[in-house]
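Below is one structure, written out as structure tokens; comments come after it.
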Amino acid sequence: MKKFRVSLLGQVLIAIAAGILLGQFLPVAVARVFVTFNSLFGNFLNFAIPLIIIGLIIPAIADLGKGAGRLLLITALIAYGSTVFSGFFTYFTGEAIFPRLIAGSAQATAIDSSGATTLKPFFTVEMPAPFDIMTALLLSFCIGLGLSAIQGNTLRMAASDLRDIISLLIEKVIIPLLPLHIFGIFLNMTLSGQVASIISVFVKIIVVIFVLHILLLLIQFSLAGLVARKNPLRLLKNMLPAYATALGTQSSAATIPVTLAQTLKNGVSKNIATFVIPLCATIHLSGSTMKITACAMAIMMMAGMPIHTLDFSGFILMLGITMVAAPGVPGGAIMAALGILESMLGFDETAQALMIALYIAMDSFGTACNVTGDGAIAVVVDRINGKSGHLMQRP
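Quick note on the working numbering: the sequence shown kicks off at 13 and runs consecutively.
If you want it as structure tokens, here you go:
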């Protein structure tokens, strides 16, 4: 018989429900055990974040250098532009409607952005990070770009091994412990009387993000249809099987065969489709960027943290680059983003845990948006390549 497994989303939902339920009657002494675990896990996460950034971003950027020159550049620029547009589209929409959705709940919730909690851990263990977030990002970009430009394989193989180690750390340690961490956060918030307002806001934000990602797909395919002189609604309709598959698999990589088949149905030449679709599964995460931007804004408003357009613009531009490291690792997008959430927006342990819970609650929709948008990019790249007068072959 097959072993029954609960998905990560199911585990997170169970953790939230259990935290709310047990928070009603659990003795304080028992609750402090979970608060102590949260303190230890939070410190470990702060230690691991720079390593996650280096372990995932260096090989991701280095691998991009193996592409087909001009075709790679065109595809990467369009994918980055789409991802950044998604972030700004979400930001300005959230700026217009989130205050009305969150204002009343935020006053009641008052999430403490200083990291103070109702209960204190029995003890703490300091786990200083080997270097700060910005150092990790700069080091990753410098080494990754360098590896993409040289022929040597020694450091590239070391970076690949480091990626495997970090992937195991995420898959075998961090992800399995995340539900327990989220349980402790919601247990503590229940004891402090914050949880009802937070859940209310969560539901509103999830609905808004679902509507926004549908609008984003309509915009992406309208632009693709305009460039390629094709019916955008027909293009989008042909990609719906990929959308549905991604909802079930929650994986861009696992959906590649379906995405590729539907892209070919949209009239994209085979050698362009077989290059662009696997590449975009790695570098185009407009749906994930939308979720992270919207969730970050909501949590900052709930916490009473100031939101400045200039600061958030820098965050979105950096997020578009950081997302390159996300695919292929369970929870990779939010794990890769934790570093800049902390360094650029000032997210503490509680805000990060809420961010993870809210992000995972919409994981399927973000992945579906990512892969469906890949089809629009393939249509545009095929049109640009066709107008250039020659057809590039797959590397």
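Ideal Cβ placement from N, Cα and C applies to all residues, glycine included.
query: Expected contact under 8 angstroms - CB spacing of LEU350 and ALA308 to nearest Å; result: Contact doesn't hold; Cβ gap of about 11 angstroms is too wide.
query: Closest residue to ILE289 among ILE268, LYS303, ALA306 (Cα-Cα distance); result: ILE268
query: Top-ranked residue by Cα proximity to MET251, from ASN58, ALA388, VAL42, PRO71; result: ALA388
query: Beta-carbon separation (whole angstroms), ILE64 vs MET347, contact threshold 8 angstroms; result: 6 angstroms
query: DSSP three-state assignment for VAL383, whether helix, strand or coil; result: helix
query: Pairwise C-alpha distance: LEU229 and LYS249; result: 11 angstroms
query: Residue from VAL215, LEU33, LEU85 with nearest C-alpha to ASN397; result: LEU85
query: Contact between the region 85 to 97 and the region 151 to 171 (3+ Cβ pairs under 8 angstroms); result: no
query: Residue from GLY299, ILE217, SER51, LEU199 whose Cα sits closest to the Cα of VAL137; result: SER51
query: Stretch-stretch touch, CB-based, cutoff 8 angstroms, three pairs: the region 173 to 190 with the region 92 to 103; result: no
query: Segment contact flag, the region 377 to 391 with the region 290 to 309, C-beta cutoff 8 angstroms, min 3 pairs; result: yes
query: Separation of ASP394 from MET411, as counted between CA atoms; result: What is shown of the chain runs 13 to 407, which leaves residue 411 out entirely.
query: Buried versus exposed, by CB contacts within 10 Å (16 or more), GLY22; result: exposed
query: Neighbourhood of PRO4 by C-beta distance below 8 angstroms, restricted to the same chain and skipping five residues each side; result: One cannot answer for residue 4 here, as it falls past the ends of the chain, which runs 13 to 407.
query: Secondary structure of PHE359, DSSP reduced to three states; result: coil
query: Neighbourhood of PHE101 by C-beta, 7 angstroms cutoff - its chain only, sequence neighbours within 5 removed; result: LEU228
query: 9 angstroms Cβ cutoff met for ALA306 and GLY106; result: yes
query: Cβ neighbour criterion (16 or more within 10 Å) applied to VAL270; result: buried
query: Own chain, CB closer than 7 angstroms to ILE232, minus 5 neighbours either side, in chain order; result: Here residue 232 turns out to be Gln, not Ile, going by the sequence shown. Here the set comprises SER94, GLY385, ALA388.
query: First and last residue of the uninterrupted alpha helix (DSSP H) at ARG175; result: 166 to 181
query: Contact the region 30 to 42 vs the region 182 to 200: 3+ CB pairs below 8 angstroms; result: yes
query: Short Cβ contact (9 angstroms threshold) for ALA285 with ALA365; result: no
query: Given 8 angstroms, three or more beta-carbon pairs between the region 216 to 227 and the region 41 to 57; result: no
query: Boundaries of the alpha helix (DSSP H) in which ILE304 is found, first to last residue; result: 298 to 315
query: Straight-line Cα distance separating HIS320 from LEU190; result: 30 angstroms
query: Whole-angstrom distance between GLY164 and SER125, CA atom to CA atom; result: Reliability fails at SER125, whose pLDDT of 40 lies under 50, so the model's placement of it is uncertain and the value that follows must be treated cautiously. Each residue's alpha carbon lies about 46 angstroms from the other.
query: Proximity to ARG112 [Cα-Cα], best of PHE324, LEU322, PHE53, ALA310; result: ALA310
query: ARG491, DSSP secondary structure in three states; result: The displayed coordinates of the chain run from 13 to 407. Any statement about residue 491 would go beyond what the structure contains.
query: CB-CB length for ALA256 against LEU247, believed under 8 angstroms; result: No, ALA256 and LEU247 are not in contact; Cβ-Cβ is about 16 angstroms, not under 8 angstroms.
query: Integer-rounded CB distance, given that GLY358 should sit under 8 angstroms from MET317; result: 7 angstroms
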